[in-house]
């Protein structure tokens with residue numbers, strides 16, 4: 059499917075938008091609904107910062123950073139659309155959709171709706187949203203592509219007679 063990665067961005071953006079709308083209409087700020095016992099809880103909060111609430115009250119900084127990142131992603135995706143890098147482009151599509159989802163709310167309202175909460179024993183994971191999920195999964199795919207590309211290139215260098223580092227450390231020139 060041609061340009062599937064843009065469709066991934068659209069899907070993440072649309073799901074993020076409608077889930078945030080549902081949370082705003084269904085839950086008051088601070089209200090919780092237990093979905094799977096204490097493991098998965100819907101908790102309506104507003105976040106004026108970045109992921110996990112860091113850098114609160116930096117709205118315009120985040121808007122500027124998001125515009126630069128979105129521009130860079132779109133440029134890179136257009137430049138590499140025929141590269142065959144499915145994993146990389148898919149990951150960038152997910153990051154793009156998530157970035158746009160949080161950007162819209164931050165630009166319009168100065169805050170982002172977060173509502174997905176997971177608890178692991180006594181550890182409560184920071185509350186997040188679908189856009190954050192798209193960004194994190196997308197970054198994971200980008201990292202996986204980088205690892206696989208590196209392994210592939212290292213495998214090619216072995217077959218070309220080039221030596222691979224032996225892991226014994228660096229030799230320093232004195």
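Residue numbers (this note's numbering): 59 to 232. Even for Gly, the Cβ is constructed at its ideal location relative to N, Cα and C. Computed from a prediction, not measured in an experiment: that's the story for all the values here.
Closer than 6 Å by C-beta to residue 61: which residues in its own chain qualify, once you throw out the five before and the five after it? Chain order, please.
Closer than 6 Å at Cβ, skipping near neighbours: no residue.
Rounded to the nearest angstrom, what separates residue 101 and residue 67 at their Cα positions?
If you take the alpha carbons of residue 101 and residue 67, they lie about 25 Å apart.
Run the CB neighbour count on residue 97, radius 10 Å, all protein chains shown included, and call it buried at 16 or more, exposed below.
That one is exposed.
I'd like the span of the alpha helix (DSSP H) that includes residue 101, first residue to last.
Segment 98-105 is the beta strand (DSSP E) holding residue 101; no alpha helix (DSSP H) there.
For residue 149, collect the residues of the same chain with a Cβ closer than 6 Å to its Cβ; drop the 5 residues on either side in sequence, then sort them by chain order.
Short of 6 Å from the beta carbon of residue 149, and not among the five residues preceding or following it, lie these beta carbons of its own chain, in chain order: 196, 199, 200.
Please state whether DSSP places residue 61 in a helix, a strand or coil.
Of the three classes helix, strand and coil, the one that applies to residue 61 here is coil, per DSSP.
Is it true that the CB of residue 74 sits closer than 9 Å to the CB of residue 156?
In this structure, residue 74 lies closer than 9 Å to residue 156 by Cβ.
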